[in-house]
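Here's the structure, in structure tokens; my notes come after.
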């Protein structure tokens, strides 16, 4: 991104979305946002500017030291939304929140945190739950962003075993990113049940690709399966209300 | 929109989407775009800037003379995408194409036409079809945009009866816009079968809300039901290839 061009500033009330990580998760966020908004007509919905740079480098590869940092492109997204003048920013990608502090420092408007939204969602939906499994990318787990926030809320976080990342979660997320929700869902479901077997009271689907493969569980068992995408949607609606 | 702000210009290859008309149809377009793209990783997908101004006035009300024109907000969307420097524009709303000429005159890049995309899709999927029913908003029908383009391709367009717009199509689309896909789908399906009863060989779902209520028909009978959203997706991918 080189030269600067002038754009008309947006009116109040626009949501800015940093998306494309991945693009299917972004469309899922926008769908859930629309279906969760109390509206009878188009005009009652939330005007939305999506900056969907799916070419942003892989977040987990960067955390694990095997790929470039996504930070420059994430900052470019914030700069774009700053210039456009959105009212609040949501980023439906858990792993990208490893760089949250740099992004929130750059943003000229509130920037919601998907991990805080998900943790709040556990308390709201299942206040009895104490041990909370977190199904996430290896990058999110390695950076401990769920662990810190769940502990601060006096909840006991539980992380998948190393071999579950390798054998189930990483390939499951890769299947979803390649558009095969069925193959992805089968692996991710198995990883979730391993957390329940180890004593989790609820499991956060803490990567926005994961809910796409586990729609059945989210529909039939909403107390035990917490959808981080839906949690961010509800935090967005609460903020803009 | 008053003051001017500078946004960093995007690199080559970005798709600009004028959306929010309605927002559920926009998320459906983005989902179908992602699932139709040959990609194994996020980075192989198409970077997308969505200008989703769902507050744009209702297109059919404007055509029927009972509401303000959407044109100023549609032009603002084009101005925004011009400033950002997207490579091509897609607008997943058939009725908004009543103002296509003004928009394409303003755009500094190619602007795909959803009606052309849908007509081409009929030829590609069902080359035997001669009489083509068009299930659209009353605004799209009144402006004759499908009629002109289908006739130019030597196809025989068929428009719903006036009472079908009043009793089935307009309330069906309103149900989808309010998030009730089941109630909307029941009315829209009935309107589609009235076109088949009158002799249509295929029916274009020529309003991007309609495919959301008719997923079953699109899956089971893809020769006779043509999805204008999917048609625009395929035209977009063809353009960017």
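Residue numbers (the numbering used here), protein chains in the order written: chain A, 184 to 424; chain B, 184 to 424. For glycine and all other residues, C-beta sits at the position ideal for the given N, C-alpha and C.
7 Å Cβ shell around residue i - same chain, five flanking residues per side excluded
i	result
residue 217 of chain B	228
residue 332 of chain B	298, 299 and 302
residue 402 of chain B	none
residue 279 of chain A	204, 242, 253 and 257
residue 389 of chain A	277, 301, 317, 318, 319, 323, 329 and 411
residue 184 of chain A	Any answer about residue 184 of chain A is weak, because its pLDDT of 43 lies below 50 and its placement is not dependable; what the coordinates show is given next. Correct list, in chain order: 259.
residue 405 of chain B	308
residue 219 of chain B	416, 417 and 420
residue 290 of chain B	261, 265 and 272
Where the beta strand (DSSP E) through residue i begins and ends
i	result
residue 388 of chain B	385-388
residue 279 of chain A	That residue, residue 279 of chain A, is in no beta strand (DSSP E); it is neither H nor E in DSSP.
residue 202 of chain B	198-202
residue 410 of chain A	408-410
residue 231 of chain B	231-235
residue 268 of chain B	Element bounds for residue 268 of chain B: n/a, residue is neither H nor E.
Closest Cα partner of residue i within the set the options
i	options	result
residue 224 of chain A	B:212, B:206 and B:348	B:206
residue 314 of chain B	B:381, B:423, B:196 and B:419	B:381
residue 251 of chain B	B:361, B:263, B:238 and B:261	B:238
residue 398 of chain B	B:378, B:337 and B:211	B:211
residue 362 of chain B	A:198, A:193, A:192 and A:215	A:215
residue 232 of chain B	B:266, B:219, B:245 and B:247	B:266
residue 192 of chain A	A:234, A:248, A:424 and A:264	A:264
residue 292 of chain A	A:371, A:320, A:262 and A:365	A:262
residue 277 of chain A	A:385, A:290, A:246 and A:268	A:246
residue 337 of chain A	A:349, A:269 and A:311	A:311
residue 372 of chain B	B:321, B:400 and B:219	B:400
residue 226 of chain A	B:321, B:220 and B:244	B:244
residue 349 of chain B	B:370, B:364 and B:405	B:370
residue 345 of chain B	B:377, B:365 and B:364	B:377
residue 248 of chain B	B:321, B:364, B:365 and B:421	B:321
Neighbourhood of residue i by C-beta, 6 Å cutoff - its chain only, sequence neighbours within 5 removed
i	result
residue 359 of chain A	367, 392, 395 and 396
residue 179 of chain B	Because chain B is modelled from 184 through 424, residue 179 of chain B falls outside the range shown and cannot be assessed.
residue 273 of chain A	200, 295, 415 and 419
residue 213 of chain A	none
residue 365 of chain A	none
Same chain, Cβ closer than 8 Å to residue i, neighbours up to 5 away in sequence not counted
i	result
residue 357 of chain B	367
residue 240 of chain B	250, 251, 252, 253 and 256
residue 374 of chain A	318, 343, 347, 351, 352 and 355
residue 379 of chain A	316, 386 and 407
residue 384 of chain B	309, 311, 312, 313, 314, 315 and 407
residue 334 of chain A	340
residue 269 of chain B	193, 197, 198, 199, 232 and 292
residue 423 of chain A	196, 198, 229, 270 and 271
residue 221 of chain B	227
Residue i beta carbon near the ligand HEM (any heavy atom closer than 6 Å)
i	result
residue 289 of chain B	For the structure depicted, the ligand HEM is absent and the ligand set is empty, with no information on it obtainable.
Residue i, enclosing alpha helix (DSSP H) - first and last residue
i	result
residue 343 of chain A	No alpha helix (DSSP H) holds residue 343 of chain A; DSSP gives it neither H nor E.
residue 401 of chain B	398-403
residue 364 of chain B	364-380
residue 218 of chain A	206-219
residue 330 of chain B	328-335
residue 355 of chain A	353-360
residue 195 of chain A	Counting along the chain, residue 195 of chain A falls outside any alpha helix (DSSP H), and DSSP gives it neither H nor E.
residue 244 of chain B	242-246
9 Å Cβ cut-off: residues of chain E touching residue i
i	result
residue 231 of chain A	Here the protein chains are A and B, and chain E is not one of them.
Does the count of Cβ pairs from the stretch 300-309 of chain A and the stretch 319-326 of chain A closer than 8 Å reach three? no
Does the stretch 255-264 of chain A come close enough to the stretch 275-286 of chain A that 3 or more CB-CB pairs lie under 8 Å? yes
Contact between the stretch 190-203 of chain A and the stretch 406-418 of chain A is defined here as three or more beta-carbon pairs at a separation below 8 Å; is this criterion met? no
To test your reading of the DSSP string, which unbroken beta strand (DSSP E) runs of 3 or more residues are found completely within the stretch 287-319 of chain A? 314-318
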